[in-house]
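So the structure is just underneath, and the comments pick up after that.
Number of protein chains: 4
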Amino acid sequence: MAMMSREAYLASLEDGRRVFAEGEEVKDLRSHPQFVQAIELVAEGYAKHYKPGEDACGPYFAVPHGKDQLKEILQELLDWDMVTVTTSQGLLALLTAAARIRPASAVYADRIEGYFELCKAQDLRCVQAITDAKGDRRLSPSGQDDPDAYVRIVERRPDGIVVRGAKLHISSASVSHELVVMPTKKMKPGEEDYAVACAIPVNAPGVKIVNTSFAPRERHQDFPVSSRHNMPEGFVILDDVFVPNERVFLAGEVEHSATFAHSLGLWERLGATAHLAEYGDTLVGLAQLIAEANGTERVSHIREKIAEMVIYATLVRAGLEAAIANAEASPEGWYFPSELFTNAAKHHGAAEFSTMVRNLHDIGGGSIVTAPSIADLEHAEVGPFIRKYMATKEGISGEYRTRLFHAIRDFTADAYGGWQLVTMLQSGGGLYAQRLVARKHYPMDEAKRLALKLAGLAEV
Amino acid sequence: MAMMSREAYLASLEDGRRVFAEGEEVKDLRSHPQFVQAIELVAEGYAKHYKPGEDACGPYFAVPHGKDQLKEILQELLDWDMVTVTTSQGLLALLTAAARIRPASAVYADRIEGYFELCKAQDLRCVQAITDAKGDRRLSPSGQDDPDAYVRIVERRPDGIVVRGAKLHISSASVSHELVVMPTKKMKPGEEDYAVACAIPVNAPGVKIVNTSFAPRERHQDFPVSSRHNMPEGFVILDDVFVPNERVFLAGEVEHSATFAHSLGLWERLGATAHLAEYGDTLVGLAQLIAEANGTERVSHIREKIAEMVIYATLVRAGLEAAIANAEASPEGWYFPSELFTNAAKHHGAAEFSTMVRNLHDIGGGSIVTAPSIADLEHAEVGPFIRKYMATKEGISGEYRTRLFHAIRDFTADAYGGWQLVTMLQSGGGLYAQRLVARKHYPMDEAKRLALKLAGLAEV
Amino acid sequence: MAMMSREAYLASLEDGRRVFAEGEEVKDLRSHPQFVQAIELVAEGYAKHYKPGEDACGPYFAVPHGKDQLKEILQELLDWDMVTVTTSQGLLALLTAAARIRPASAVYADRIEGYFELCKAQDLRCVQAITDAKGDRRLSPSGQDDPDAYVRIVERRPDGIVVRGAKLHISSASVSHELVVMPTKKMKPGEEDYAVACAIPVNAPGVKIVNTSFAPRERHQDFPVSSRHNMPEGFVILDDVFVPNERVFLAGEVEHSATFAHSLGLWERLGATAHLAEYGDTLVGLAQLIAEANGTERVSHIREKIAEMVIYATLVRAGLEAAIANAEASPEGWYFPSELFTNAAKHHGAAEFSTMVRNLHDIGGGSIVTAPSIADLEHAEVGPFIRKYMATKEGISGEYRTRLFHAIRDFTADAYGGWQLVTMLQSGGGLYAQRLVARKHYPMDEAKRLALKLAGLAEV
Amino acid sequence: MAMMSREAYLASLEDGRRVFAEGEEVKDLRSHPQFVQAIELVAEGYAKHYKPGEDACGPYFAVPHGKDQLKEILQELLDWDMVTVTTSQGLLALLTAAARIRPASAVYADRIEGYFELCKAQDLRCVQAITDAKGDRRLSPSGQDDPDAYVRIVERRPDGIVVRGAKLHISSASVSHELVVMPTKKMKPGEEDYAVACAIPVNAPGVKIVNTSFAPRERHQDFPVSSRHNMPEGFVILDDVFVPNERVFLAGEVEHSATFAHSLGLWERLGATAHLAEYGDTLVGLAQLIAEANGTERVSHIREKIAEMVIYATLVRAGLEAAIANAEASPEGWYFPSELFTNAAKHHGAAEFSTMVRNLHDIGGGSIVTAPSIADLEHAEVGPFIRKYMATKEGISGEYRTRLFHAIRDFTADAYGGWQLVTMLQSGGGLYAQRLVARKHYPMDEAKRLALKLAGLAEV
């Protein structure tokens, strides 16, 4: 057992993995514009956390044994790169599932704990691979034209299973080590081959990852946010991949198939809510800064819009705090956040996110998308004019204000902004899924009791 | 020191107080339809809490010395009658103000503590009297045509002050003992006579209270909620009322004038948020019950609307929990809830309340306002038809469903429902006030720091 | 053929109709507090429109033969009492249905035209009776525990049919002459007895009407709106009522069962939209008046809220204008408003109505529900104080402002206001129904074509 | 007088104009990636409209003399390139201003008509240059640190004026011929030099345009919308530009300074509303297509969201129709759309646009931002897998669905999508401006009259 250094991580990527992008196989991942900065972020994460010694291990392998620890992890998570986040979330989701399928499927639960220890010992980075291709959404896995529309077991061997299918929206897959594969939804009797959860190394034979990315290809100065914070999105093809038994966590028990998705959903939404709370604050900060730069921070309707954003960010944070304050312990002593508060907060954060972005756009003005590029700002002839006309007053230089506009555009009104609008909604399932889960975990009987009491009616 | 019994309370109302309603002075409060049930509620509160002995005192005089105590008070408060709630809120607001004006105005702070002990020793019920008549809102108190538009000191004597003016929206004034008078807003230099806070017995010479009420005058069966839960609203006239020094808590120090209103605002909004959370749950319960009674509880759009209501109620509750979790202690060791979370939660609860009521109305259907009266249900000829046609299925009788509709109408679509729509918004100030306070207490510098970091800009 | 005078109308009510309210049969309708003002409104309508002579007929019998006529009717309708409105709507709905079921069911269509002429010749007032008791909403009419949950034919005779069941939410039934009965929804094969449309005189044997009303029973001065504008809601019991053939418009043809409901839905929603547009303007007017009375009409957040209300009212009106501008003619040359625009406008008007009411409440302040009664305003001792403290400035007397608050409360925050919140949503079906119809009539193919063109894709 | 051909237009760009982008002066506009497609679009517009002969002129020079003509222009406008749209809007705005400043400033009005004839005779393309740099928004033009923060006259000569300053957000400036310069807002006495309106050729000495663009630089297949529809945004520097008298339309008359902005605002908002209506339909179409491709078009919550979008698009269109139906004629017989309906519709369209985009994102799913690129779709090894897993059923191929996702991303969740989010809000002024104008043109007196009548109050 030992932690991986920055160098060890970089070397670990040269493991034969098959990565594709923009119509070609990527042979040198570390120099490709779609991956270079993502790898750098993960490498920085390794460097920041590295401690020598056999006992050392990253904080992202912590399992919360109390509400305070849970809160601490959520706080730290905001400073981690995305792969470190998914490593923590994915493994906690697996452990949550383990707690929930015990004792019926204790063998799988034990394998999960073993796998957790393996990742921890080797300081691996994991991503969750959950969303299937799905084919026609009206039909269940077994009813599709193409039986591979959902990942399935195509062969069962004494020493393991062979899986086939595709997993979509797998952020960071190409720059991590492990794919934690789970069924995307509840399977029914007769769909045993689709009830499959397992862990697959990124470089396993048969794994092919096609990538897309919002990483800017050029003019990085005009993309102050996304040129630094970007991760490739992987379309993961499982072309008959063999998985040895010790890495198989479910292989036919349809009654547990939804447990993994629900467990992951909980942790993903919790993480997403933590990010939404921070993004909420960031949107407020951007709105206030640009209002101050424009000289409108005291204008009544601007103040009202910022107050609306303040209340949004605060409510999402309140939901997060309540999710932790109402966490519950598993028999193992592991703490899981409240499903109800997590889902309610995630729903509010996601549903209102686009309106908060709208408020920022309304406050900032058209220069969000029309501010001249930083290169023009430095041009000998027109640069001085841009500085002159983008400046507004003592203390607000043209350059500062221009850079602020670029940050707002990059964060909310360009490729990265668009990616955020979609992923904020979709992470952990769309709005519908969050409503469903919130409703399921709501104490409806208590609400009905209150209503009957108010109505002066005995319970029916 | 001793607690008041039910009988003692009833007797205490015969103290010469001057109460008016519907164009007449009310001589026998206890038999008047506008007051009979309100008095009964307060009396029940006394009966429920009564403990004999010199050391006994009501839990509504507790001052929270920790977050758990604060949470406990909020939980208990939901079961108290409204005057007991305002007693607790009003006195906690006074103590909060005391903590905030110390040491500059220690004399007042000490008087407040003395007054608190008096109320506790005699088990009195208090209401806050804060909103002034206000005249033309564009003008400050000293600029009004009528100098009495805000309550003011018209005479200063060695032993006390004489005040004149009116205080509006004073719920329950006529059935309580004490008016805790505070300035409605910040006064400026030159408005010393308007910077006045004090405590006035309801029966003090010069006090006249004109009442309105949503209490149903007849057909109580059709008003299952408001026939039981109603309180008169008092328009309190202070016709040159003398207040002895020991009951004067501010008399000219304009710099402290806003402190009282802010302190009261905090506790009022906290209490309102606690009620909104419970009302949110109640609305959910009513929606689910009526959907089940109609047979629509599995219809997709009905489920979605109920899920929306679930998320609303849960978010308000999350805000309440976060307000308590982030409570802060005064030097005296008294715990005050977080201004930020309290105001954000109150704002959300109030701003979306009418939409939640709309959802309930959309789910329930037209019978909310057209269901035949209970008396018709009992009519020999048409009663059986009403029972037949209002029934929907096994287990849902016509009577049960009819009563449920009356409860929904009474709670949300009749006199009491209208009173709630308005007071939910206005309690603790309108939406604007809550935005203002939320924004004021928001950690804006931290948000700006986050935004600057994201933008890759050094702080300005 | 002749128009009915005020006196003739009053006399016509003494026709043996069976009316119930508050647990008793009402023998003298014209002196009963639930009916007296409703009858007066209808009588005023007769008086206003009355013209002598055999050729005279009310404008509410006009059938629009062009867009301008359609617009004119909608304009006039705003000044009619509710029974006159439903007479026009109900008959136009019948004619619309006639146009739609021709030529397949020409006999029925002809009977409808004959019935229309009858009502016109006798100057009768009609109400639509459409909503059935419905029982368990999950089940269709034929699947209910009680076969009478939907109005049905229980006997077919050579000279007519006998119907049984109940119709709910029948506004004004007790003060009108005719019940236009229609099926509430699409019936399927096997439900022929439920596919029934016909016209029944209010005094037909077997008709019993149980009434509820938001009419204030006392203190009419405090209810300036509802003491004048109120109509009883009828729960209409059809206890085996015989209908002669010439009044039967559908008796088993399930394929036409939905046509009546859709036709009525169109005219009801159009009328509701016309009212919503006027109510929208009225809410704006009240908001502006109370802001001016309070002295806040120039406060920025107040102005913004009023502007929001202005935009709401204007959009609803725009929808109404577009519904007329896009009206379509039947083969008979009758003009029907656009289903798409009518439903979109009605949906927006209904869905946002409660938020507009909230804005008014936020702008007006707590006195909406706490303003002293008009009787108190006239009290010798406290009246002058109320006038003093409710006044705000030159030109805004205490009485004027108090009366304005009462009007706002009565219109939006008391029994009538609650009735409006519910009926605005439910008239013409709830929000769901309006979404459904809007979607159905939307040119989806054109929208898909636009999208495919944008995407650079050939049509699939 | 003659129309310009495609070739003539391309040649006309070689006129010495000074254009900058990405830190360099652009010498060959026609081959630069930021301009090539924009120029192509304008050239196509010329080609499409070209008619030979001296009397020929483009339909974009039509001045509506009736409501039908107005409607026709709005319909045609949707098929024009953006410069053709701004040519029509800019000139109609000038004519509107001319009508409004007559007779006081008849000289200017005549010059405007002359300029209109010039543009028409030479078939020129114009853009409006209105937004100033503005400096500190709290301060008026004359109070700024930098007197050039608003464009101003720095010299008055017998034959013309010299202007200095910058105009921002000038879409398409670099590919058009004429800058129609107007004051951005009302000027006050003492600010005569800022009250300046005039027309400046793009190649006039002293004009320098710095450009930005959301045009994709590569992978055009993945940007099916923006690779075709893009226009550069110009930051226009007026470095002491001389304007001869016949091109000066205002030079010091502060009382008319707002007239130009208001006139332009009207036409810009009308055009924006026309586009919003079409975009609304396009969003509906995309939502329906992707739902069908996913197999979710019958899922209840998906249908509800699409219905919401249908209602949105329909309401915006209703506003447009009402704006035309309520158009008013100037003394010249020119028809201007209704300010009230135009602003209400634009506000609704802009305010809710982001929520409609959110609905599309919620319906479409994560593949909107993670679908593999078209190049990958064509890769020999992974292409077949992508086609296999992106396909969903008979008739929905993997390629079709992938391309649809790219179109949605490009239109709503990438650089072009972000540009739209901002410009939809900001075109014609932000939401605040639209509220202000809607309120200003609303018949408030009529609304107050309605409210007073309802309240039973005589007018104050």
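Residue numbers (the working numbering), protein chains in the order written: chain G, 78 to 537; chain E, 78 to 537; chain F, 78 to 537; chain V, 78 to 537.
Virtual Cβ for every residue (Gly too), placed ideally from N, Cα, C.
Separation of residue j from residue i, as counted between CA atoms
| i | j | result |
| --- | --- | --- |
| D158/E | G122/E | 6 Å |
| G442/G | G507/V | 8 Å |
| M467/G | I286/V | 14 Å |
| V320/F | I238/F | 5 Å |
| A515/V | N420/V | 5 Å |
| P520/E | K144/E | 21 Å |
| V537/F | L360/V | Caution is warranted here: a pLDDT of 45 is assigned to V537/F, below 50, making its placement in the model unreliable, and the coordinate value is therefore given only provisionally. Answer to the nearest angstrom: the Cα atoms are 18 Å apart. |
| H142/V | Y412/V | 6 Å |
| G242/E | A176/E | 28 Å |
| D616/G | P260/G | The structure shown does not extend to residue 616/G, since chain G spans only 78 to 537, so no value can be given for it. |
| L498/F | H109/E | 31 Å |
| R83/V | E355/V | 27 Å |
| L151/V | S415/V | 14 Å |
| Q131/G | E323/G | The displayed chain sequence assigns Glu, not Gln, to residue 131/G. Distance between the alpha carbons of E131/G and E323/G is about 24 Å. |
| G267/E | S219/E | 8 Å |
Identity of the residues DSSP links to residue i by a beta bridge
| i | result |
| --- | --- |
| V320/G | I238/G |
| L315/G | G242/G, V284/G |
| E255/G | C203/G, P278/G |
| D209/F | K244/F |
| V273/G | A328/G |
| F97/F | E102/F, V287/F |
| K470/F | I473/F |
| I230/F | V240/F |
Option in the options with minimal Cα separation from residue i
| i | options | result |
| --- | --- | --- |
| H518/E | G472/E, R394/E, A400/E | A400/E |
| H254/F | G143/F, V96/F, W496/F | V96/F |
| L534/V | F482/F, Q114/F, L347/F, A183/F | F482/F |
| L327/F | E355/F, S444/F, D187/F, D453/F | D187/F |
| S217/E | V273/E, G426/E, K465/E, M264/E | M264/E |
| I247/F | M501/E, Y493/E, T447/E, P461/E | T447/E |
What residue ranges within the segment 347–418 of chain V form continuous alpha helix (DSSP H) runs of no fewer than 4 residues, ordered along the chain?
377–402
With a cut-off of 8 Å, do at least 3 Cβ pairs link the segment 431–448 of chain F to the segment 519–526 of chain F?
no
Decide if the segment 133–145 of chain F is in contact with the segment 88–107 of chain F; the criterion is three or more beta carbon pairs, one per stretch, under 8 Å apart.
no
Decide yes or no for the touch test of the segment 171–185 of chain V against the segment 226–234 of chain V: beta carbon pairs closer than 8 Å, at least 3 of them.
no
Taking one C-beta from the segment 335–350 of chain F and one from the segment 162–174 of chain F each time, how about it: are there three or more such pairs within less than 8 Å?
yes
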